[in-house]
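Worksheet: one structure, shown below.
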Amino acid sequence: MVGSTTQTVQEVWSTVTLTVVYLQEMYCLDCSVTACRRCLAAEHKSHRAGEVERLGSQLRERIRTDVVRMQQNTTSCRADLRTLRRIRDQFETR
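With this note's numbering as the guide, the letters of the sequence shown map in order to residues 125 to 218.
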């Protein structure tokens, strides 16, 4: 009985270790989780997925683009705010 328990623990540990090693390979876009190829094929087979490294590069580029766009929008909003304050000040002085 002790031998079978030890064997079971070793089998489980082996599976966990393998899953952790392969965990970083794929990313399920629908579930927003990383998954090994085996889990992806079994549990996420109808989901959109991609390689973590490639998707990471795409995400970094998208974030950079979004940051630039937000900086431009912030500049535009600040200019609009200055204009609105100027109009308010003119209205209040009448």
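All C-beta atoms in this analysis are idealised placements derived from N, C-alpha and C, irrespective of residue type, glycine included. As the structure is a prediction and not an experimental result, all values here were calculated from the model.
In three-state terms, what does DSSP make of C152?
In the sequence shown, the residue the question calls residue 152 occupies position 28. Strand.
Could you give the distance in angstroms between the alpha-carbon of E175 and the alpha-carbon of C163?
As a working mapping, residue 175 is identified with position 51 in the sequence shown. As a working mapping, residue 163 is identified with position 39 in the sequence shown. Taking the straight line joining both Cα atoms gives about 14 Å.
Given this structure, state the Cα-to-Cα distance separating H171 from L153, to the nearest angstrom.
The residue labelled residue 171 in the question sits at position 47 within the sequence shown. The residue labelled residue 153 in the question sits at position 29 within the sequence shown. Spanning the two alpha carbons is a distance of roughly 7 Å.
Rounded separation between R210 and R178 - CA only:
Counting from one through the sequence shown, the residue named residue 210 turns up at place 86. Counting from one through the sequence shown, the residue named residue 178 turns up at place 54. For R210 and R178, the distance between alpha carbons rounds to 48 Å.
Tell me whether the beta-carbon of H168 lies closer than 8 Å to the beta-carbon of C155.
Within the sequence shown, the letter at position 44 stands for residue 168. Within the sequence shown, the letter at position 31 stands for residue 155. It is a contact, given that the beta carbons lie within the stated cut-off.
Euclidean distance between Cα positions of T199 and V157:
Position 75 of the sequence shown, counted from the first residue, corresponds to residue 199. Position 33 of the sequence shown, counted from the first residue, corresponds to residue 157. Near 36 Å, if we compare the C-alpha coordinates of V157 and T199.
I think A166 touches Y151, with their Cβ atoms under 8 Å apart; what is that distance to the nearest whole Å?
Within the sequence shown, the letter at position 42 stands for residue 166. Within the sequence shown, the letter at position 27 stands for residue 151. No, A166 and Y151 are not in contact; Cβ-Cβ is about 16 Å, not under 8 Å.
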